[in-house]
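Chemist: For the sequence shown, counting from 1, position 393 maps to 392 in numbering that gives the first Met the number 0; every step adds exactly one.
Just so it is clear, CB atoms sit at the ideal spot from N, CA and C, and this is done for glycine as well.
Keep in mind it's a predicted model, so treat the numbers as computed, not measured.
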Amino acid sequence: MSKFLSANAAILLGFALLTCSVVSASAERRVALVVGNAHYNNPSLVLTNPKNDAEDVGAALIAIGFEVIQAIDTNRRDLDLNMAKFARLATDADAALFFYAGHALQYQGRNYLMPIDAEVEDEVSLRYQMMLIDDVRAALDRASGVKIMILDACRNNPVVDSLRRKTSGESRAIGATRGLARTDKTQGMVVAYSTASDQVAADGKGRNSPFTDAFLKRLKEPGLEIEQLFRRVASDVNSETQGRQRPETYVSLLSDYYLNQTDRIAFEAVKDSPDVNVLRNFLLKYPSSSYVSDALSRIQSLDAATQQRQIQKVRQEEAARQIEQQRRAEQEAAERKLSEQRRIEQEAAERKLADQRRADKEAAERKADERRRAEAAELKLSEQRRIEQEAAERKLADQQRAEKEVADRKLNEKKAAVVAAEKTRLDNEAATRLRQNADKAAPADASGFRAQ
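1. From what residue to what residue does the beta strand (DSSP E) around I147 run?
2. Work out the CA separation of I132 and D456 for me, nearest whole Å.
3. Tell me, to the nearest whole angstrom, how far the beta carbon of I63 is from that of Q260; I am working on the premise that it is less than 8 Å.
4. Distance check for D407 and L425, CA to CA, integer angstroms please.
5. Out of curiosity, what's the CA-to-CA distance linking L215 and R314?
6. Can N237 and R230 be called in contact, C-beta distance under 8 Å?
7. Across which residues does DSSP place G35 in a beta bridge pair?
8. Do L218 and L258 have their C-beta atoms within less than 8 Å of each other?
9. From the DSSP secondary-structure annotation, give me the bridge partner or partners of F266.
10. Within the continuous alpha helix (DSSP H) that includes L252, where are the two ends?
11. In the DSSP output, which residue or residues are listed as bridge partners for V189?
12. Ignore the nearest five residues each way along the sequence and tell me which others in D293's own chain have a CB closer than 8 Å to its CB.
13. Which word fits S124, buried or exposed, when buried means at least 16 other C-beta atoms lie within 10 angstroms of its C-beta?
14. So which of L283, D368, S143 and L378 has the shortest CA-CA distance to M188?
15. Is the beta carbon of P221 sitting closer than 8 Å to the one on Y285?
16. To the nearest angstrom, report how far apart A333 and R327 are at their CA atoms.
17. Could you tell me the distance, in whole angstroms, from the CA atom of A319 to the CA atom of T305?
18. What's the C-alpha gap between R365 and L378?
19. Run through DSSP, which three-state label would A373 get?
20. From the DSSP output, read off the bridge partner residues of N110.
21. Identify, in the order they occur along the chain, each residue of the same chain with its Cβ nearer than 7 Å to the Cβ of A89, setting aside the five sequence neighbours on each side.
22. So what does DSSP say about M129, is it helix, strand or coil?
23. Using only the alpha-carbon positions, how far apart do F98 and R297 sit?
24. Is R217 close to chain D, meaning its C-beta is less than 8 Å from at least one C-beta of that chain?
25. Quick one: what does DSSP say E120 is sitting in, helix, strand or coil?
26. Quick check: what's the CA-CA separation for A37 versus S289?
27. Between which residues of its own chain and L283 is the CB-CB distance below 6 Å, once the five residues before and five after are set aside?
28. Is the Cβ-Cβ distance between M129 and V119 less than 8 Å?
29. Just verifying my parser: in three-state terms, what is the DSSP assignment at R243?
30. With respect to 7 Å, is the separation between the Cβ of V232 and the closest non-hydrogen atom of the ligand HEM below this value?
31. In the DSSP assignment, the alpha helix (DSSP H) including G203 goes from what residue to what residue?
32. What does the Cβ neighbour count give for A152, buried or exposed, with the cut at 16 atoms within 10 Å?
33. Look up V45 in the DSSP assignment and say whether it is helix, strand or coil.
34. State the DSSP-derived secondary structure class of R308, mapped to helix, strand or coil.
35. Can you look up A95 in the DSSP assignment and give me helix, strand or coil?
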């Protein structure tokens with residue numbers, strides 16, 4: 000049970016170390032500008048996915064330690080302001096990344112990003128309505144570390160066809176060129192295109208474009224060197240589009256670089272840990288990390304040291320066991336002698352105690368008998384008092400009932416007398432009325448008086 004608890008404690012400690020390691024990633028300052036232009040003023044240019052692409056990439060970059068500026072559906076002014084903000088933020092940064100999803104085009108070998116309010120009428124308006132990729136390069140160059148440009152652009156753009164028609168016949172015509180041109184002078188940079196030079200990328204039918212979908216998928220894999228990451232992205236997109244879209248990446252770095260460094264940061268935090276469970280937890284969490292072999296080597300070293308300590312411990316325990324056995328044998332002999340003496344003394348004490356308890360019990364029983372007899376006498380007296388009280392209560396109740404009956408008779412006689420008096424009064428009143436009526440009806444005699 001204790002081993003189980005120790006293992007759990009070690010695993011919890013490992014998770015705590017890994018969590019702390021992600022926080023320590025802030026020691027390396029990594030910044031990004033993520034732009035997604037979908038809802039163009041020109042209805043024919045409206046796209047479905049760039050807004051989703053930018054939002055999802057921004058969230059993914061934040062999750063791996065980037066400080067992100069996110070710009071959705073930017074006009075030329077907003078794009079300039081965000082670019083200026085990004086250039087300031089990128090100054091002396093350890094890594095600066097620019098991601099763009101939306102319309103872009105190339106003209107005379109130069110690439111332009113298209114704000115949502117751009118109105119490209121001719122080649123002159125390109126300079127004032129669009130943003131040159133060179134401006135993005137200038138902002139990225141302010142970083143002291145790795146510079147990364149990711150362009151998920153080159154979607155079908157009717158502006159290209161319109162510009163091609165307007166410049167037809169001129170010496171600087173667009174001709175049949177589509178998509179973006181390759182960027183020159185990429186030293187110290189990583190430039191990733193969603194499709195090959197002069198080709199068009201798909202906007203996609205799901206939430207994200209095929210390129211961004213693959214990029215988000217691979218960005219979740221820690222320990223992928225950036226060139227390897229974009230090779231896998233290219234393979235995913237090529238497979239998804241059945242060969243119709245082939246991303247290209249140009250890498251000019253002097254050393255390896257990892258976008259998702261969570262495994263490196265986590266390993267830095269646990270590589271010197273003396274707890275094997277912490278390292279095994281790292282292997283469980285990052286099975287494809289490039290640090291797996293280092294973690295395994297550290298585990299083997301710890302296991303060997305642990306095994307050596309266990310062998311030494313077993314030897315020490317065996318020597319201690321033999322000494323303990325000898326000491327225990329001597330102690331057991333002395334204890335047996337002392338135990339026998341104590342047994343005899345204890346038996347004598349127990350007999351004395353038993354006699355005392357028996358005497359105490361008999362005394363307690365006598366007291367209990369006396370208490371029971373007293374309680375019986377008290378109960379008998381209480382019962383006698385109860386009987387006498389009940390008899391007195393019955394006598395009082397009978398007396399009160401008799402007195403009530405006498406009172407009720409007197410009240411009834413009084414009521415009968417009142418009724419009789421009332422009846423007599425009424426009879427008298429009736430008789431008086433009869434006489435009065437008879438007097439009124441009797442004839443008068445000669446003297447003028449009525450007969451009585």
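Modeler: Inspection of the coordinates gives the following:
1. From DSSP, the beta strand (DSSP E) with I147 extends over V145 to D151.
2. Outside the displayed span of the chain (0 to 451) sits residue 456, for which this structure offers no information.
3. With a Cβ gap of about 7 Å, I63 and Q260 count as contacting.
4. Here the alpha carbon of L425 sits roughly 27 Å from the alpha carbon of D407.
5. When rounded, the distance between both Cα atoms is 56 Å.
6. Cβ distance not < 8 Å, so N237 and R230 don't count as in contact.
7. Answer is I71 and A100, bridged to G35.
8. Yes, the Cβ-Cβ distance between L218 and L258 is below 8 Å.
9. In the DSSP output, where bridge partners are listed per residue, F266 has none listed.
10. The continuous stretches of alpha helix (DSSP H) do not include L252, and DSSP gives it neither H nor E.
11. Note: V189 sits in a beta bridge opposite I147 and V250.
12. Only residues of its own chain outside the window of five on either side were considered, and among them F266 and K270 have a CB closer than 8 Å to the CB of D293, listed in chain order.
13. Exposed: under 16 other Cβ atoms inside 10 Å.
14. Closest option to M188, Cα to Cα, is S143.
15. At the C-beta level, P221 and Y285 come within 8 Å of one another.
16. In this structure, the alpha-carbon of A333 lies about 10 Å from that of R327.
17. Each residue's alpha carbon lies about 20 Å from the other.
18. One C-alpha to the other measures close to 20 Å.
19. It is helical.
20. Paired residue(s): Q105.
21. Non-local C-beta neighbours of A89 in its own chain, meaning closer than 7 Å and more than five positions away in sequence, comprise V30, A95, A138, L139, R141 and A142, ordered along the chain.
22. M129 falls in the coil class under three-state DSSP.
23. Annotation: F98 to R297 spans about 38 Å, alpha carbon to alpha carbon.
24. The chain inventory of the structure shown lacks chain D, comprising one protein chain alone.
25. In this structure, E120 counts as coil in the three-state DSSP scheme.
26. Roughly 38 Å separates the two Cα atoms.
27. Counting only residues of its own chain and dropping the five nearest sequence neighbours on each side, L283 has no CB closer than 6 Å to any other CB.
28. Cβ distance < 8 Å, so M129 and V119 count as in contact.
29. DSSP places R243 in coil when its eight states are reduced to three.
30. Ligands displayed in this structure: none; no statement on the ligand HEM is therefore possible.
31. The continuous stretches of alpha helix (DSSP H) do not include G203, and DSSP gives it neither H nor E.
32. The residue in question, A152, is buried, as its Cβ has 16 or more Cβ neighbours within 10 Å.
33. Three-state DSSP puts V45 in coil, outside helix and strand.
34. The answer is helix: DSSP assigns R308 an H, G or I state.
35. Three-state result, A95: strand.
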